[in-house]
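Keeping their order, the protein sequence lines are chains A and B. If you're matching positions, the first sequence starts at 34 in this note's numbering and goes up one per residue. If you're matching positions, the second sequence starts at 173 in this note's numbering and goes up one per residue. Quick notes on the structure that follows.
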Amino acid sequence: MTSSTPTTSPTPTASPSQDALLDVRGLSVDFGTPDGAAVHAVRDVGFTLRRGETLAVVGESGSGKSTTALALTRMLPDTGRITAGSVRLGDTELTGASEEELRAVRGARIGMIFQDPMTSLNPVLSIRTHLDEVLRAHGHGDRAARRARAEELLALVGIPDPRRRLDDHPHQFSGGQRQRVLIAMALANEPEVLVADEPTTALDATVQEQILGLLTRLNEETGTALVLITHNMGVVARTCARLLVMYGGTVVEDGPTAEVLTRPRHPYTAGLLAAVPRLSSPSGTRLAGIPGSPPDLSLPLTGCAFAARCASADERCGSEAPVLESPLLESPELESPLLEATSQAGHHVACWHPDTAASTVTSAAPPVRSRYRNPAELARREAELEVRLEVEGEPGDQLPADDAPLLETSALRKEFRGRGRVGRRNRLVAVDDVSLRLHQGETLGLVGESGSGKSTLARLLAHAHQADGGTIRLRGQDVTRPSRTALRTLRRQVQMVFQDPYASLNPRMTVGDIVGEPLLVHGLHPDRAAREARVAELLELVGLDPAAVDRLPRAFSGGQRQRIGIARALAPEPSLLICDEPVSALDVSVQAQIVNLLSDLQRDLGLALLFIAHDLAVVRQVSHRIAVMHRGRIVESGPVDEVCESPRHPYTQKLLSAVPDPVPASALGVPAA
Amino acid sequence: MTTLSFVRARKPGPGAARNPHQPYRKALATTRGRIGLALALLVTLAGLLAPLLSSHVPTAQSGEALLAPGSPGHLLGTDDLGRDLLSRVLYGIRTDLEVIALAVPLGALLGCAFALLAAVHPVLDTVVQRVFDLVLAFPGLILALAITAVLGPGRLPVVVVIALAEIPVFGRQLRAGILVQREREYAVAARVGGTGRARLLLRHILPNCADPLVVQLAVSLTVAVFLEGAMSFLGVGIRPPEPTLGNMLSQALPYLAQAPHFAAGPLLVVTLLVLGFSLLSEALNREIRR
Numbered sequence: 034m035t036s037s038t039p040t041t042s043p044t045p046t047a048s049p050s051q052d053a054l055l056d057v058r059g060l061s062v063d064f065g066t067p068d069g070a071a072v073h074a075v076r077d078v079g080f081t082l083r084r085g086e087t088l089a090v091v092g093e094s095g096s097g098k099s100t101t102a103l104a105l106t107r108m109l110p111d112t113g114r115i116t117a118g119s120v121r122l123g124d125t126e127l128t129g130a131s132e133e134e135l136r137a138v139r140g141a142r143i144g145m146i147f148q149d150p151m152t153s154l155n156p157v158l159s160i161r162t163h164l165d166e167v168l169r170a171h172g173h174g175d176r177a178a179r180r181a182r183a184e185e186l187l188a189l190v191g192i193p194d195p196r197r198r199l200d201d202h203p204h205q206f207s208g209g210q211r212q213r214v215l216i217a218m219a220l221a222n223e224p225e226v227l228v229a230d231e232p233t234t235a236l237d238a239t240v241q242e243q244i245l246g247l248l249t250r251l252n253e254e255t256g257t258a259l260v261l262i263t264h265n266m267g268v269v270a271r272t273c274a275r276l277l278v279m280y281g282g283t284v285v286e287d288g289p290t291a292e293v294l295t296r297p298r299h300p301y302t303a304g305l306l307a308a309v310p311r312l313s314s315p316s317g318t319r320l321a322g323i324p325g326s327p328p329d330l331s332l333p334l335t336g337c338a339f340a341a342r343c344a345s346a347d348e349r350c351g352s353e354a355p356v357l358e359s360p361l362l363e364s365p366e367l368e369s370p371l372l373e374a375t376s377q378a379g380h381h382v383a384c385w386h387p388d389t390a391a392s393t394v395t396s397a398a399p400p401v402r403s404r405y406r407n408p409a410e411l412a413r414r415e416a417e418l419e420v421r422l423e424v425e426g427e428p429g430d431q432l433p434a435d436d437a438p439l440l441e442t443s444a445l446r447k448e449f450r451g452r453g454r455v456g457r458r459n460r461l462v463a464v465d466d467v468s469l470r471l472h473q474g475e476t477l478g479l480v481g482e483s484g485s486g487k488s489t490l491a492r493l494l495a496h497a498h499q500a501d502g503g504t505i506r507l508r509g510q511d512v513t514r515p516s517r518t519a520l521r522t523l524r525r526q527v528q529m530v531f532q533d534p535y536a537s538l539n540p541r542m543t544v545g546d547i548v549g550e551p552l553l554v555h556g557l558h559p560d561r562a563a564r565e566a567r568v569a570e571l572l573e574l575v576g577l578d579p580a581a582v583d584r585l586p587r588a589f590s591g592g593q594r595q596r597i598g599i600a601r602a603l604a605p606e607p608s609l610l611i612c613d614e615p616v617s618a619l620d621v622s623v624q625a626q627i628v629n630l631l632s633d634l635q636r637d638l639g640l641a642l643l644f645i646a647h648d649l650a651v652v653r654q655v656s657h658r659i660a661v662m663h664r665g666r667i668v669e670s671g672p673v674d675e676v677c678e679s680p681r682h683p684y685t686q687k688l689l690s691a692v693p694d695p696v697p698a699s700a701l702g703v704p705a706a
Numbered sequence: 173m174t175t176l177s178f179v180r181a182r183k184p185g186p187g188a189a190r191n192p193h194q195p196y197r198k199a200l201a202t203t204r205g206r207i208g209l210a211l212a213l214l215v216t217l218a219g220l221l222a223p224l225l226s227s228h229v230p231t232a233q234s235g236e237a238l239l240a241p242g243s244p245g246h247l248l249g250t251d252d253l254g255r256d257l258l259s260r261v262l263y264g265i266r267t268d269l270e271v272i273a274l275a276v277p278l279g280a281l282l283g284c285a286f287a288l289l290a291a292v293h294p295v296l297d298t299v300v301q302r303v304f305d306l307v308l309a310f311p312g313l314i315l316a317l318a319i320t321a322v323l324g325p326g327r328l329p330v331v332v333v334i335a336l337a338e339i340p341v342f343g344r345q346l347r348a349g350i351l352v353q354r355e356r357e358y359a360v361a362a363r364v365g366g367t368g369r370a371r372l373l374l375r376h377i378l379p380n381c382a383d384p385l386v387v388q389l390a391v392s393l394t395v396a397v398f399l400e401g402a403m404s405f406l407g408v409g410i411r412p413p414e415p416t417l418g419n420m421l422s423q424a425l426p427y428l429a430q431a432p433h434f435a436a437g438p439l440l441v442v443t444l445l446v447l448g449f450s451l452l453s454e455a456l457n458r459e460i461r462r
């Protein structure tokens with residue numbers, strides 16, 4: 034995978050060895066809130082980065098991973114403050130450094146890349162100006178030398194024809210290319226450390242693959258140490274040699290990637306790994322979510338941050354904070370080979386019961402894959418795996434044998450026209466000639482990258498947009514252009530769950546009003562008491578406390594809000610539920626809860642479910658059939674396991690091979706030590 | 173920052189979630205908000221309590237002291253006709269407030285009603301927008317002169333002019349809000365859920381557009397104070413002898429050199445009132461934009 038192999042270095046991290054490049058100890062960061070309270074975003078974080086090492090920092094939103102990265106060079110927003118700890122880069126202490134000293138470090142010794150390549154470049158400046166500015170800031174040569182260097186950098190990050198593209202502006206580059214330009218800027222002054230904060234989160238899977246490949250290659254070629262911050266386990270497995278898992282602002286586990294991913298010692302790491310949907314798992318596999326939601330960081334931390342959600346937590350976990358140490362000391366009863374490997378690898382865990390986690394995970398260990406990058410080989414291997422699984426029996430493939438489809442579309446088309454003459458000429462065909470069939474009690478997964486027209490299709494089916502051509506039939510009736518009365522009855526039958534649980538709930542309405550609204554407008558329970566009873570019932574159905582009816586959406590976490598959205602969609606008892614990226618805004622551990630809830634509801638209520646997502650692994654687990662969408666067209670469709678294992682369309686193959694699997698290649702054949 | 177590779181984190185700090193109704197209370201708790209509220213309340217209270225606070229009938233003339241400076245009998249002195257200035261200022265505030273309290277909410281309500289009407293259909297929208305353009309095309313005072321020419325002087329034209337001037341301001345403000353809010357996912361969700369057009373507008377979209385309208389209300393109060401003053405000053409508004417802040421200033425102008433105290437009272441009150449409303453609107457605006 035990568036050049037650096039920390040497993041061969043027996044040096045304990047406690048005493049920084051000579052090659053320690055970045056040494057972070059006891060780092061704590063607080064954010065001030067308008068009320069004057071403090072949010073403890075990062076608490077007592079410590080790690081060491083060696084020269085040329087690749088380190089991944091993994092955690093869910095609110096775990097403090099981005100804040101840690103920003104705190105390294107004191108790039109925190111105005112409300113943030115480092116309250117304790119030290120950050121040493123070589124011999125320089127950064128927490129106490131002056132602004133002048135920090136400027137000499139930022140961009141020169143530590144380069145940074147951020148999440149959104151679309152907004153991180155100034156649209157009015159050419160790429161050459163961007164690169165030139167970084168080089169000039171750190172006094173790099175004269176004009177001609179800087180130009181030559183800029184050209185060299187573009188070539189380094191794999192932008193074709195760099196000489197000509199230097200004078201282009203950001204809008205002339207694609208998202209992936211912009212991220213490459215940002216990487217070039219970060220690398221301009223040959224930094225010793227490159228900090229990449231979610232560099233691929235805003236990118237499509239196929240582009241993500243290229244960027245990760247680039248980062249790995251650059252690490253090998255230039256020897257720049259890489260700190261990769263991500264929430265995606267697959268990205269980690271593909272790119273980094275060492276892994277730091279963060280939860281609630283603290284480091285819970287630290288060790289070699291292969292070691293941590295295959296033998297996690299902290300219950301949180303284990304739970305997180307089990308919650309990640311895998312492309313290799315067949316349709317109908319249940320995800321193992323972590324119950325509960327992340328901790329409230331404004332409260333003082335006593336004990337382990339994960340204690341409230343942990344199955345093996347006891348009194349000590351709630352009162353005394355565990356220290357990050359080698360599990361060797363804590364569990365002498367473990368059998369020796371594992372022990373040996375663990376201690377040698379520099380694997381550290383902050384848990385009072387590291388042995389229980391290990392056992393949890395062995396049971397949840399997934400079928401593994403991903404040594405084979407070649408799609409054909411991959412498909413063959415998966416097929417073999419499938420045969421094995423089929424013998425053991427797998428759920429999910431029993432299709433209801435009902436001939437008449439609930440929903441049928443043929444040659445559906447939607448265009449968006451811009452304003453003015455130019456807009457009329459260059460119209461965007463968002464949905465083009467889409468024909469779908471969906472039966473009662475069936476889940477159809479719709480996969481595609483951003484801009485493929487999935488969301489537009491969902492809104493056409495939910496009659497939020499009017500189709501420009503083609504027909505939509507519901508139970509055999511043409512409902513493409515419904516009359517106002519027909520639309521009212523239609524709205525009862527077709528409901529939708531939206532992507533963004535923060536934007537899709539009216540912030541001014543209480544939960545009871547939000548869920549009760551469809552009942553009210555459809556006149557389903559005209560009696561107030563009956564309506565309230567039904568709302569309570571719906572909230573219970575989606576796993577929320579019915580006592581929550583009087584609260585506003587802001588009082589809930591992302592996952593809970595998505596449950597409210599689902600309750601609202603189920604209120605008028607629809608027969609078709611359209612879920613437009615229902616989990617892509619959620620954290621992995623919460624995503625699993627919502628995915629499972631949706632599959633349960635689909636099964637129990639006999640719903641027809643259209644599940645739209647960009648994440649193939651999630652789609653595979655919930656769907657019976659799958660349709661792959663590319664540039665407004667359905668390029669391939671069929672039973673989900675068949676499509677995933679032997680994709681016929683080249684685009685599907687590309688999509689499948691681009692999905693990173695959280696089990697590292699090195700963990701499969703070679704033993705971790 | 174000289175290095176471009178560094179971009180400040182745009183992530184809002186933790187705890188960014190807020191109570192939708194708290195900004196108003198918070199705004200009033202800031203220094204700016206407190207001073208604004210205190211000034212506005214002080215002037216309003218003085219106006220409301222005018223019958224209790226004043227020692228003379230505001231229109232009663234006395235031949236003995238013309239343009240007299242402040243004395244125990246007349247705290248602020250008297251004007252050119254020997255009327256007690258304090259009483260006239262207090263009653264002037266009262267008149268002003270009566271006009272403003274009627275005109276601004278009327279303008280705001282009508283403006284919002286037009287904006288909601290415009291949201292129903294694109295054709296209606298175009299019609300309403302062009303009418304707004306028409307009103308906005310006339311400067312306030314030209315509008316005032318035109319309307320007085322039709323209605324004749326008095327309270328009615330002042331109310332009509334202020335309301336008319338405010339209608340497009342509120343209409344535009346709300347229309348912009350509706351256009352933004354109706355594309356938001358919660359609005360689409362409500363539509364897909366079967367919510368009708370009227371309910372969607374009134375129950376979902378309108379409450380989410382309210383914040384900027386509240387700020388606009390405070391701004392409009394300031395404008396209304398000015399507009400009433402300007403109209404009375406020009407003699408096209410409320411007629412003497414009924415006191416208003418504007419016509420008192422107008423009457424004081426010829427005597428500015430001989431009796432500066434004549435203009436001081438109304439000037440001070442107008443300043444305090446405008447300052448109060450401005451501070452209030454600024455405090456609200458800052459809190460809401462957070």
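We put the beta carbon where it would ideally sit given N, CA and C, even for glycine.
{"Item": "Leucine 399 of chain B versus B:Leu372, B:Ala335, B:His433 and B:Ala240, residue with shortest Cα-Cα distance", "Value": "B:Ala335"}
{"Item": "Minimum Cβ-Cβ distance from alanine 495 of chain A to chain B less than 8 angstroms", "Value": "yes"}
{"Item": "Proximity test, Cβ basis, 8 angstroms: arginine 525 of chain A and chain B", "Value": "yes"}
{"Item": "Entirely enclosed beta strand (DSSP E) segments - the stretch 58 to 100 of chain A, minimum 3 residues", "Value": "71 to 83 and 87 to 91"}
{"Item": "Element boundaries [alpha helix (DSSP H), containing glycine 312 of chain B]", "Value": "312 to 323"}
{"Item": "Whole-number beta carbon distance between proline 195 of chain B and glutamate 459 of chain B, since they are thought to touch under 8 angstroms", "Value": "4 angstroms"}
{"Item": "Within 8 angstroms, strictly: CB atoms of threonine 504 of chain A and threonine 518 of chain A", "Value": "no"}
{"Item": "Helix, strand or coil at methionine 403 of chain B [DSSP, three-state]", "Value": "helix"}
{"Item": "For glutamate 459 of chain B, three-class secondary structure by DSSP", "Value": "helix"}
{"Item": "Assigned exposure category for phenylalanine 589 of chain A - 16 Cβ within 10 Å defines buried", "Value": "buried"}
{"Item": "Within 8 angstroms, strictly: CB atoms of arginine 114 of chain A and isoleucine 160 of chain A", "Value": "no"}
{"Item": "Pair within 8 angstroms by beta-carbon distance, alanine 359 of chain B and histidine 376 of chain B", "Value": "yes"}
{"Item": "Between the CA atoms of valine 387 of chain B and threonine 202 of chain B - distance to the nearest angstrom", "Value": "15 angstroms"}
{"Item": "Limits of the beta strand (DSSP E) - the one that methionine 279 of chain A falls within", "Value": "275 to 280"}
{"Item": "Bridge partners - glutamate 126 of chain A, DSSP secondary structure assignment", "Value": "A:Arg121"}
{"Item": "Backbone secondary structure at isoleucine 192 of chain A - three-state DSSP", "Value": "coil"}
{"Item": "4 or more residues per run - each alpha helix (DSSP H) lying fully within the stretch 339 to 369 of chain B", "Value": "357 to 364"}
{"Item": "Buried or exposed by the 16-neighbour rule on C-beta atoms within 10 Å, applied to threonine 394 of chain B", "Value": "buried"}
{"Item": "Residue-chain proximity (methionine 529 of chain A, chain B), Cβ-Cβ < 8 angstroms", "Value": "yes"}
{"Item": "Cutoff 8 angstroms: alanine 536 of chain A Cβ touching any chain B Cβ", "Value": "yes"}
{"Item": "Within-8 angstroms CB hit, valine 295 of chain B to chain A", "Value": "no"}
{"Item": "Below-8 angstroms beta-carbon distance, glycine 539 of chain A vs any chain B residue", "Value": "The sequence as given places asparagine at residue 539 of chain A; glycine does not occur at that position. True, the Cβ-Cβ gap to chain B drops below 8 angstroms."}
{"Item": "Threonine 320 of chain B classed as buried or exposed, judged by whether at least 16 other C-beta atoms fall within 10 angstroms", "Value": "buried"}
{"Item": "Close beta carbons around leucine 520 of chain A, own chain, < 8 angstroms, minus the five adjacent residues each side", "Value": "His496"}
{"Item": "Contact with chain A by proline 186 of chain B, beta-carbon distance below 8 angstroms", "Value": "Residue confidence is low: proline 186 of chain B scores 36 on pLDDT, short of 50, so the model does not pin down where it sits. No coordinate-derived value is stated."}
{"Item": "Where the beta strand (DSSP E) containing aspartate 287 of chain A begins and where it ends", "Value": "283 to 289"}
{"Item": "Cα-Cα separation, arginine 196 of chain A to glutamate 184 of chain A", "Value": "6 angstroms"}
{"Item": "Test: proline 551 of chain A CB closer than 8 angstroms to a CB of chain B", "Value": "yes"}
{"Item": "Per-residue burial, leucine 306 of chain B [other beta carbons within 10 Å of its own, 16 or more giving buried]", "Value": "exposed"}
{"Item": "Chain A contact for asparagine 380 of chain B (CB, 8 angstroms cutoff)", "Value": "yes"}
{"Item": "Other residues of its chain near alanine 691 of chain A: CB distance less than 6 angstroms, five sequence neighbours each side excluded", "Value": "Ala238, Thr239 and Glu242"}
{"Item": "Beta strand (DSSP E) segment containing proline 672 of chain A, residue limits", "Value": "666 to 672"}
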